[in-house]
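This report concerns only the one structure given below.
2 protein chains.
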Amino acid sequence: MKILHTSDWHLGRQFHNVSLLEDQQAVIEQLIQFIKKNPVDVVLVAGDIYDRSVPPTAAIELLNSVVKRICNELNTPMIFISGNHDGAERLGFGAKQMKSAGLHIISNFDDMLTPVVIDTETAGEVAFYGMPYNDPEQVRFSFKAQVSTHNEAHQLLAGKITEQFNASQRNVLISHCFVDGAIESDSERPLSIGGSDRVSHEHFLHFDYVALGHLHQPQKKGEDYIRYSGSLMKYSFGEQHQKKGFTLVELDHNGFVSAEHVELTAPHEMRILEGKLAQVIEQGKTDPKNEDYLLVRLQDKHAILNPMEKLRSVYPNVLHIEKPGMLIGVEQELAQAKLSRSEVDMFKDFFIEAQDSELSTEQEQAISDIVKQLSASSQKKVKN
Amino acid sequence: MKILHTSDWHLGRQFHNVSLLEDQQAVIEQLIQFIKKNPVDVVLVAGDIYDRSVPPTAAIELLNSVVKRICNELNTPMIFISGNHDGAERLGFGAKQMKSAGLHIISNFDDMLTPVVIDTETAGEVAFYGMPYNDPEQVRFSFKAQVSTHNEAHQLLAGKITEQFNASQRNVLISHCFVDGAIESDSERPLSIGGSDRVSHEHFLHFDYVALGHLHQPQKKGEDYIRYSGSLMKYSFGEQHQKKGFTLVELDHNGFVSAEHVELTAPHEMRILEGKLAQVIEQGKTDPKNEDYLLVRLQDKHAILNPMEKLRSVYPNVLHIEKPGMLIGVEQELAQAKLSRSEVDMFKDFFIEAQDSELSTEQEQAISDIVKQLSASSQKKVKN
Chain A
1 MKILHTSDWH LGRQFHNVSL LEDQQAVIEQ LIQFIKKNPV DVVLVAGDIY DRSVPPTAAI
61 ELLNSVVKRI CNELNTPMIF ISGNHDGAER LGFGAKQMKS AGLHIISNFD DMLTPVVIDT
121 ETAGEVAFYG MPYNDPEQVR FSFKAQVSTH NEAHQLLAGK ITEQFNASQR NVLISHCFVD
181 GAIESDSERP LSIGGSDRVS HEHFLHFDYV ALGHLHQPQK KGEDYIRYSG SLMKYSFGEQ
241 HQKKGFTLVE LDHNGFVSAE HVELTAPHEM RILEGKLAQV IEQGKTDPKN EDYLLVRLQD
301 KHAILNPMEK LRSVYPNVLH IEKPGMLIGV EQELAQAKLS RSEVDMFKDF FIEAQDSELS
361 TEQEQAISDI VKQLSASSQK KVKN
Chain F
1001 MKILHTSDWH LGRQFHNVSL LEDQQAVIEQ LIQFIKKNPV DVVLVAGDIY DRSVPPTAAI
1061 ELLNSVVKRI CNELNTPMIF ISGNHDGAER LGFGAKQMKS AGLHIISNFD DMLTPVVIDT
1121 ETAGEVAFYG MPYNDPEQVR FSFKAQVSTH NEAHQLLAGK ITEQFNASQR NVLISHCFVD
1181 GAIESDSERP LSIGGSDRVS HEHFLHFDYV ALGHLHQPQK KGEDYIRYSG SLMKYSFGEQ
1241 HQKKGFTLVE LDHNGFVSAE HVELTAPHEM RILEGKLAQV IEQGKTDPKN EDYLLVRLQD
1301 KHAILNPMEK LRSVYPNVLH IEKPGMLIGV EQELAQAKLS RSEVDMFKDF FIEAQDSELS
1361 TEQEQAISDI VKQLSASSQK KVKN
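Taken in sequence, the protein lines are chains A and F. Per my numbering, the first sequence starts with residue 1, numbered consecutively. Per my numbering, the second sequence starts with residue 1001, numbered consecutively.
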């Protein structure tokens, strides 16, 4: 049996005020083309399908077209669980009515305990249990149980599910959680503060495969069969070196056989460029991937006017600029020289950029006087 | 064949800051109980299922439980169209996947041209065409047609549908529009300004039954078989005398047989009470329906402190107060006496209400002086 395990689509996500919907569509298109050529028995999406509980209309339309193509046209069932970004009730509308068309949206505990059973020649009956994302308070409330951490909540939920096991079936779990010891990325929203969101992988040992969502880096944790597929695409510059895609899993009558990461490529990659402004611009002139979403770290030591405009002449999708070089310069000068001197220097840089000429002696004197005056008055305030 | 025609549920509506969801749930419960005792072949909801394009989660949960009970438990198909209050794309998510469970949500023109066909012994095959609400711009854009009014848009859409007719089938249309000459209520949101939203009933003559939504008063227009079911319940005080409910329609092999209005009663009716404060309070003490949602028109001629608090001691759900009596009093005095005199009177009323005693002669003099002073200074300003 072939299982396509994906998660964290975050449809409708904005990145530095840019909509990622077209990139998301293009990446999902690759996933659909893969299924066309390499049919699978089921597609699992382990939560965070949308980026927020009330997703934009365009994200809903995209998901609608995707389920139409995968469930209806490719005749491949899909199982979704709600993640911490999804609005469970909103996502779950019509879930009961969609089941017969092979679209299974598991967003509440009742549905959690009724597995989706898929029967194949290669693995027999396999029961898919979806554990919708819930915080410990919801679990405590729903099961009237002493539960105060995510770990205790998962222990309880996993226990409820294993009680349902049918000995003649293999069992797959879909869950959205933070398994202890796994690697974070900086585009995930913490489930709770201070590490209390961590869950032991040991609750999951009885399953034949565990399809996890939440962490954006593909990885396995504890056992070969307990895996994060990682997010559909990069959602932060910190993920620039992560290989995004989905996990292709194989099960047979005895359970887990193998898992393989299949790469997907977004039209715009997220990358970090470092260098002096002139170097970065020069490089951009011949960069075949010049439309990528970029964070540029400028190493110039002087102030630059309109660096975004200059960079975007070659890299149209620069989304953010950092200037570590310039900041180091200021700090060094602060240590070496008086504050008034350094601020005059800054102004001289600015004047050159803005006017294309240097300050006259009189102008420099005037600026210097003003800065001294301001500095004196602010020191007076500090003393008071 | 028995058709239950309803419309304008407006799930999630607020009325004077009060959620109507519990009332909506109770009224729909009556509708469900009716179907249990008197099975029907299909339930049509002619638009404005939700009150707004992004409905509150609780409204989504209510609709979800309703479709589960009607489609799944009572095994009765439902056909929805989107109205001007609904978010068509949002409502339409998963529509394709829900069809096999008997839930048909028609929210775009593609689905409009593919009828839901229901076959019964009593009427043979009946084709149900849903025309999702669209303004003329959307129709012009979608069909690349010269359309500038709602009437032209409906002519075109009805024409597209009648082209699809299969001679062996009866045909039912579900539409959300304002048929020319029909009676408005004050809880409908106008489709456009200045009467350009009116549609002739003549476009609909070729159908065997036309299930309309948008207008909140149950009524027929043009022909016996062209009908508004009216809204699920009252949504304004102006509708206090309207009989709310649904329309029960019968078709046979030759088409329309009969239509009957079946009444539904909300736990809280919307009513207007008129009288002096003391009378209204007296009446409230023995009013068995004292929890209704009320607009109270006070006929007292003097100012009253905290009338809402006083009324709510007997009628807890007074939502709005009008004081026509007091306003007439003020206007009359304005005409007869000087402004300064009338404001002193107002203050005397207030003082009695607040302190339970009358102004002393000195107090009255002081207030009168202040009012004169203020009045003189404001007249000075007007002259300047």
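Just so it is clear, CB atoms sit at the ideal spot from N, CA and C, and this is done for glycine as well.
Whole angstroms are fine: how far does the CA of residue j sit from the CA of residue i?
| i | j | result |
| --- | --- | --- |
| residue 11(A) | residue 207(A) | 29 Å |
| residue 156(A) | residue 215(A) | 22 Å |
| residue 1311(F) | residue 143(A) | 43 Å |
| residue 1210(F) | residue 1223(F) | 10 Å |
| residue 1185(F) | residue 1202(F) | 23 Å |
| residue 387(A) | residue 51(A) | Nothing can be reported for residue 387(A): it is not among the residues displayed for chain A, which extend from 1 to 384. |
| residue 249(A) | residue 260(A) | 6 Å |
| residue 1016(F) | residue 1166(F) | 48 Å |
| residue 1339(F) | residue 1373(F) | At residue 1339(F), the pLDDT of 47 sits below 50, so the modelled position is not reliable; the number obtained from the coordinates is stated separately. Their Cα atoms are separated by approximately 12 Å. |
| residue 350(A) | residue 294(A) | 25 Å |
| residue 1354(F) | residue 1276(F) | 19 Å |
| residue 18(A) | residue 68(A) | 27 Å |
| residue 322(A) | residue 1318(F) | 59 Å |
| residue 1343(F) | residue 1271(F) | 33 Å |
| residue 1085(F) | residue 97(A) | 24 Å |
| residue 168(A) | residue 117(A) | 12 Å |
| residue 1341(F) | residue 1300(F) | Residue confidence is low: residue 1341(F) scores 49 on pLDDT, short of 50, so the model does not pin down where it sits. Its coordinate-derived value is still stated next. Looking at the two C-alpha atoms, the distance is approximately 20 Å. |
| residue 1024(F) | residue 139(A) | 29 Å |
| residue 1240(F) | residue 1119(F) | 39 Å |
| residue 363(A) | residue 302(A) | 20 Å |
| residue 1187(F) | residue 1132(F) | 20 Å |
Whose Cβ in chain F lies nearer than 7 Å to the Cβ of residue i?
| i | result |
| --- | --- |
| residue 137(A) | Neighbours of residue 137(A) on chain F: none; closest Cβ ~17 Å, over 7 Å. |
| residue 68(A) | 1096 |
Would the C-beta of residue i count as close to the ligand FMN, meaning under 7 Å from any of its heavy atoms?
| i | result |
| --- | --- |
| residue 242(A) | Looking for the ligand FMN in the displayed structure turns up nothing, as the structure carries no ligands at all. |
So, helix, strand or coil for residue i, using DSSP?
| i | result |
| --- | --- |
| residue 1150(F) | helix |
| residue 1121(F) | coil |
| residue 1081(F) | strand |
| residue 1248(F) | strand |
| residue 1357(F) | coil |
| residue 364(A) | helix |
| residue 1165(F) | coil |
| residue 1281(F) | helix |
| residue 1113(F) | coil |
| residue 1103(F) | strand |
| residue 198(A) | strand |
| residue 1139(F) | helix |
| residue 1179(F) | strand |
| residue 1030(F) | helix |
| residue 339(A) | With a pLDDT of 47 at residue 339(A), under the threshold of 50, the modelled position of this residue cannot be trusted, and the question is left open. |
| residue 1189(F) | coil |
| residue 1040(F) | coil |
| residue 1064(F) | helix |
Based on the DSSP output, what are the partners of residue i in its beta bridges?
| i | result |
| --- | --- |
| residue 1086(F) | The partner list for residue 1086(F) (beta bridge, DSSP) is empty, contrary to what the question assumes. |
| residue 346(A) | In the DSSP output, where bridge partners are listed per residue, residue 346(A) has none listed. |
| residue 297(A) | 274(A) and 322(A) |
| residue 1228(F) | 1212(F) and 1219(F) |
| residue 385(A) | Because chain A is modelled from 1 through 384, residue 385(A) falls outside the range shown and cannot be assessed. |
| residue 263(A) | 245(A) |
| residue 1255(F) | 1252(F) |
| residue 14(A) | 19(A) |
| residue 1006(F) | 1045(F) |
| residue 1050(F) | 1011(F) |
Check the Cβ of residue i against every Cβ in chain F and list those closer than 9 Å, keeping chain order.
| i | result |
| --- | --- |
| residue 73(A) | In chain order: nothing, as chain F lies at least about 10 Å away. |
| residue 116(A) | Per Cβ cutoff of 9 Å: no residues; residue 116(A) is ~14 Å from chain F at best. |
Chain F partners of residue i, CB-CB under 8 Å?
| i | result |
| --- | --- |
| residue 93(A) | 1060, 1063, 1064, 1093 and 1094 |
| residue 90(A) | 1057 and 1060 |
| residue 87(A) | 1057 |
| residue 344(A) | Correct list: empty, because the minimum Cβ distance to chain F is about 52 Å. |
Quick one: list the residues of chain A neighbouring residue i, beta-carbon separation under 8 Å, in chain order.
| i | result |
| --- | --- |
| residue 1103(F) | 94 and 97 |
Closer than 7 Å by beta-carbon distance: list the chain A residues that pair up with residue i, in chain order.
| i | result |
| --- | --- |
| residue 1100(F) | 100 and 101 |
| residue 1054(F) | 54 |
| message | Would you call the region 1098-1109 of chain F in contact with the region 1225-1242 of chain F, where contact means no fewer than 3 C-beta pairs closer than 8 Å? | response | no
Checklist line | Segment contact flag, the region 1169-1189 of chain F with the region 1076-1092 of chain F, C-beta cutoff 8 Å, min 3 pairs | finding: yes
Pair every Cβ in the region 1060-1074 of chain F with every Cβ in the region 44-59 of chain A, then say whether three or more of these pairs are closer than 8 Å. no
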